[in-house]
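Let me begin by presenting the structure, written as structure tokens, before commenting on it.
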Amino acid sequence: MDFLLRPIGMDFNDKVFNIIKKIPKGETLSYKDVAEKAGNYRAWRAVGSILRKNYNPAIPCHRVIKSNGELGGYNRGTAQKSSLLKKEGAIS
DNA sequence: CGTATGACGTGCA
DNA sequence: GTGCACGCCATAC
Numbered sequence: 086m087d088f089l090l091r092p093i094g095m096d097f098n099d100k101v102f103n104i105i106k107k108i109p110k111g112e113t114l115s116y117k118d119v120a121e122k123a124g125n126y127r128a129w130r131a132v133g134s135i136l137r138k139n140y141n142p143a144i145p146c147h148r149v150i151k152s153n154g155e156l157g158g159y160n161r162g163t164a165q166k167s168s169l170l171k172k173e174g175a176i177s
């Protein structure tokens, strides 16, 4: 529960992190999908903003990709992201 | 409190 | 399929 250091309410932030943590190995979800599960599918913008500024080692945020199938971005580098996804079998 | 920005998504040419 | 512009929410300054 490292991410519990978030502001009061943790409505969106907490939900997003919780969802990402629940992503099974080898599976990937899009920012839009995560935002929708978080309660606001229109917040996929905020999802990226939050993850970008708050990278948690307990959060497999590398499993969150764009809806168009692109990996999107990653605080540690897209190369790392693609490598992890390949290792997990999430992508070819 | 207001403005600017961003790991995006969708629409249109 | 590619390129450009607009819109959305949350966060940071």
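For the first sequence, my numbering gives the first residue as 86, with consecutive numbering after it.
Where a beta carbon is used, it is the ideal one built from N, C-alpha and C, also for glycine.
Ser134 - partner residues in DSSP beta bridges: Paired residues: none, contrary to the question.
Excluding the five sequence neighbours on either side, which residues of its own chain have a C-beta within less than 6 Å of the C-beta of Lys110, listed in chain order? Glu173
Hey, quick one: how far does the alpha helix (DSSP H) through Lys151 stretch, first residue to last? Looking at the DSSP string, Lys151 is not in any alpha helix (DSSP H), and its letter there is neither H nor E.
Is it the case that the Cβ atoms of Gly133 and Lys100 are separated by a distance below 8 Å? no
Looking only at DSSP bridge pairs, what is Leu80 linked to? The displayed coordinates of the chain run from 86 to 177. Any statement about residue 80 would go beyond what the structure contains.
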